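Asks:
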Amino acid sequence: MSNPTSAATNNLEAFWMPFTANRQFKQAPRMFVGAKDMHYTTSDGRQVLDGTAGLWCCNAGHSRPKVVEAVQKQIAELDYAPAFQMGHPKAFELAARLAAMMPSPLNHVFFTNSGSESVDTALKIALAYQRSIGQGTRTRLIGRERGYHGVGFGGISVGGIVSNRKTFGTMLTGVDHMRHTHDPARNAFSRGIPEHGAEYVEDLIRIIQLHDASTIAAVIVEPVAGSTGVLLPPKGYLERLRKICDDNGILLIFDEVITGFGRLGAPFATDFFGVTPDLVTTAKGITSGVIPMGAVFCSSSIYDAFMNGPEHMIELFHGYTYSAHPVACAAALGTLDTYEEEGLLTRASELSQYWEDGLHGLKDCPHVIDIRNLGLIGAIELEPIAGEPTKRAFSAFLKAYDDGILIRTTGDIIALSPPLIISKAQIDELFDKLRKVLHAIA
Ligand SMILES: Cc1ncc(COP(=O)(O)O)c(C=O)c1O
1 MSNPTSAATN
11 NLEAFWMPFT
21 ANRQFKQAPR
31 MFVGAKDMHY
41 TTSDGRQVLD
51 GTAGLWCCNA
61 GHSRPKVVEA
71 VQKQIAELDY
81 APAFQMGHPK
91 AFELAARLAA
101 MMPSPLNHVF
111 FTNSGSESVD
121 TALKIALAYQ
131 RSIGQGTRTR
141 LIGRERGYHG
151 VGFGGISVGG
161 IVSNRKTFGT
171 MLTGVDHMRH
181 THDPARNAFS
191 RGIPEHGAEY
201 VEDLIRIIQL
211 HDASTIAAVI
221 VEPVAGSTGV
231 LLPPKGYLER
241 LRKICDDNGI
251 LLIFDEVITG
261 FGRLGAPFAT
271 DFFGVTPDLV
281 TTAKGITSGV
291 IPMGAVFCSS
301 SIYDAFMNGP
311 EHMIELFHGY
321 TYSAHPVACA
331 AALGTLDTYE
341 EEGLLTRASE
351 LSQYWEDGLH
361 GLKDCPHVID
371 IRNLGLIGAI
381 ELEPIAGEPT
391 KRAFSAFLKA
401 YDDGILIRTT
411 GDIIALSPPL
421 IISKAQIDEL
431 FDKLRKVLHA
441 IA
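Note that UniProt numbering gives residue 167 to position 167 of the sequence shown, counting from 1, and the numbers run on in steps of one.
1. Beta-carbon separation of L420 and G262 under 7 Å?
2. Nearest-angstrom Cα distance between K399 and L382?
3. Using DSSP with H/G/I as helix, E/B as strand and the rest coil, what is M178?
4. In terms of residue numbering, what span does the beta strand (DSSP E) encompassing residue 449 cover?
5. Could you give the uninterrupted runs of the alpha helix (DSSP H) lying entirely in the stretch 280-363, keeping only those of 4 residues or more?
6. By a C-beta neighbour count over all protein chains shown, 10 Å radius and 16 as the cutoff for buried, is K243 buried or exposed?
7. Can you have a look at V162 and say buried or exposed, based on whether 16 or more other CB atoms are within 10 angstroms of its CB?
8. I need the boundaries of the beta strand (DSSP E) containing V109, first residue and last residue.
9. Compute the Euclidean distance between the alpha carbons of G319 and G294, then round it to the nearest angstrom.
10. Can you round the beta-carbon distance between V327 and I75 to whole angstroms, since I take them to be within the 8 Å contact cut?
11. Are V109 and F268 touching if we call contact CB-CB under 7 Å?
12. Sorted by chain position, which residues of the same chain lie with C-beta nearer than 7 Å to F25's C-beta, five sequence neighbours on each side aside?
13. Quick one: grab the DSSP three-state call for D255.
14. Kindly indicate which residue of K66, Q209, L78, I216 has the alpha-carbon position closest to the one of Q135.
15. Between the alpha carbons of H367 and G265, how many angstroms are there, rounded?
16. Between R347 and the rest of its own chain, which residues show a CB-CB distance below 6 Å, the 5 nearest in sequence each way excluded?
17. Within its chain, find whatever has a CB closer than 7 Å to the CB of R435; leave out the 5 residues flanking it on each side and keep chain order.
18. Among I413, E388, T338, T287, which one has its Cα closest to the Cα of N113?
19. Following a CB-centred definition, is S114 positioned closer than 6 Å to any heavy atom of ligand 1?
20. May I ask which residues mark the beginning and end of the alpha helix (DSSP H) holding H39?
21. Quick check on DSSP: helix, strand or coil for F32?
22. What's the C-alpha gap between S116 and S299?
23. Can the beta-carbon of G51 be found closer than 7 Å to that of I407?
24. Return the CA-CA distance between T259 and S417, expressed in angstroms with no decimal places.
25. Considering only residues of the stretch 150-194, which uninterrupted beta strand (DSSP E) runs meet the minimum length of 3 residues and lie entirely inside it, listed in chain order?
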């Protein structure tokens, strides 16, 4: 008789892998079995340098001692506490600590379990807030072309990545989109923030004129669009966006699921750009990817608007069984300790020039049509193979993996976002290997 356990272990068919070319993967699996600091270990015993912090999340690097210890201790002490009508001390400690990291008035934190949930939570809070202040006609949500806000129905509705939307029906009604900010004709190979394109924000005025401000609850943007292949806000764009929202009673939501927790060289993009939105969505780096968690920051005026009515009544009918899960809170506290002790939330600002110089050094490689960077984010856009979009970048991804570096691709764009502990020697290694990859692929 065959051993059912080992048969099940070796069967790759059951797992429908997310955002993955399942058939390709199952023919030639790429398995990680371990991770430490800047490296993954593969099932065939190789070390792979992490050029993407997992999925933009392991900002403190992998299996860091403070985080491991915090999680182990927490599971043994308090494995779970009901999230509704009950609390546990670490949830309050973490919320207070996070709120202290954000500029005032972003003084309140709602916990979720992912970036997608953070986005849907922020959109719901925005709608409910407008209603609570007597602005119940404000039911429209405005996103932006090429935006990625996760995969919930709220997130894909305000999101602007066509392949993530086109198969899922009509989604939320009343949503509209500003145009994206990508302008390669004027901004290709810009170093850092691009000069041109602040005027694209005026598209919001067009939308306001079309629908009337009195119908619009909120605008959501990624301060730096990540998943679409790293699109940077042109100089002055975010400042003007804030002003238009203020002038029209529209809430501004920054989706900082990628930019949060040090990616740009400041704790949040909100600090980096000096523009304070009304709500900020986060996830990923909050626990350095160790335990699923997200957090939505909101301003005091939003929070206070809900704190009325009879005191025994629930103020916001929203939440998750695992909101502020004790183990996630412990992981987040251990992660914040690690960030603080090692100065990781500002480390990208020390490395960004070195990173930028190395990245732009790849300009002369075959197929490269643009390079973009900010903080410890980089993107290399490749000329697509005629009639076979995405294939060239995917070949680069496969070759890079074979050569010992983990990169991420979206369309024909290579995106890089290493853990914030990366050394200069490892930056050199990443770009040296990438150079060879770009020369090797068709
Ligand atoms: C800006 C942004 N928002 C939301 C999400 C969704 O996060 P999650 O995959 O944790 O649901 C992502 C994920 O990459 C993201 O980059």
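C-beta atoms are modelled at their ideal positions from N, C-alpha and C, and glycine is treated no differently. Since the model is a prediction, treat every value here as computed from it, not as a measurement.
Replies: With the given structure in hand:
1. Here residue 420 is taken as the residue at index 420 of the sequence shown, counted from 1. Here residue 262 is taken as the residue at index 262 of the sequence shown, counted from 1. A contact, by the Cβ cut-off of 7 Å.
2. Mapped onto the sequence shown, residue 399 falls at position 399. Mapped onto the sequence shown, residue 382 falls at position 382. Between the C-alpha atoms of K399 and L382 there is a straight-line separation of about 15 Å.
3. Residue 178 sits at position 178 when you count from the first residue of the sequence shown. Reduced to three states, the DSSP call for M178 is strand.
4. In the structure as shown, the chain starts at 1 and stops at 442, and residue 449 therefore has no counterpart that could be examined.
5. 300-306, 326-341, 344-360
6. Against the sequence shown, residue 243 aligns to sequence position 243. Label assigned to K243: exposed.
7. Position 162 of the sequence shown, counted from the start, is the residue given in the question as residue 162. Counting Cβ neighbours within 10 Å, V162 comes out exposed, since fewer than 16 surround it.
8. Taking the sequence shown and counting its residues from 1, one reaches residue 109 at position 109. Run containing V109: 108-112, per the beta strand (DSSP E) assignment.
9. As a working note, residue 319 is residue 319 in the sequence shown. As a working note, residue 294 is residue 294 in the sequence shown. Straight-line Cα distance between these residues: approximately 12 Å.
10. Position 327 of the sequence shown holds residue 327. Position 75 of the sequence shown holds residue 75. Contact holds; Cβ gap of about 6 Å.
11. Here the question's residue 109 lines up with position 109 in the sequence shown. Here the question's residue 268 lines up with position 268 in the sequence shown. No, the pair does not count as a contact, with Cβ atoms beyond the cut-off.
12. Taking the first residue of the sequence shown as 1, we reach residue 25 at position 25. Only M17 meet the Cβ criterion.
13. Residue numbering aside, residue 255 sits at position 255 when the sequence shown is read from its first letter. In this structure, D255 counts as strand in the three-state DSSP scheme.
14. Within the sequence shown, numbered from 1, the residue matching residue 135 stands at position 135. Selected option, being the one with the closest Cα: I216.
15. In the sequence shown, counting from the first residue as 1, residue 367 sits at position 367. In the sequence shown, counting from the first residue as 1, residue 265 sits at position 265. Each residue's alpha carbon lies about 30 Å from the other.
16. Here residue 347 corresponds to residue number 347 of the sequence shown, with the count starting at 1. Excluding positions up to five away in sequence, the list reads L420.
17. The residue you call residue 435 lines up with position 435 of the sequence shown. So the list reads L362, C365, once near-sequence residues are dropped.
18. Position 113 of the sequence shown, counted from the start, is the residue given in the question as residue 113. Measuring from the Cα of N113, the nearest candidate turns out to be T287.
19. Along the sequence shown, one-based indexing puts residue 114 at 114. Checking every heavy atom of ligand 1 against the Cβ of S114, one is found closer than 6 Å.
20. Residue mapping note: residue 39 aligns to position 39 of the sequence shown, counting from 1. Taken as a continuous stretch (DSSP letters only), H39 belongs to no alpha helix (DSSP H), being part of the beta strand (DSSP E) at 39-42.
21. If you number the sequence shown from 1, residue 32 lands on position 32. If DSSP states are grouped into helix, strand and coil, F32 belongs with the strands.
22. Numbered from 1 along the sequence shown, position 116 holds the residue referred to as residue 116. Numbered from 1 along the sequence shown, position 299 holds the residue referred to as residue 299. Rounded to the nearest angstrom, the two C-alpha atoms are 20 Å apart.
23. Mapped onto the sequence shown, residue 51 falls at position 51. Mapped onto the sequence shown, residue 407 falls at position 407. Yes, Cβ-Cβ distance for G51 and I407 is below 7 Å.
24. Residue numbering aside, residue 259 sits at position 259 when the sequence shown is read from its first letter. Residue numbering aside, residue 417 sits at position 417 when the sequence shown is read from its first letter. So the alpha carbons of these two residues sit roughly 10 Å apart.
25. Segments of the beta strand (DSSP E) lying fully in the stretch 150-194: 175-178.
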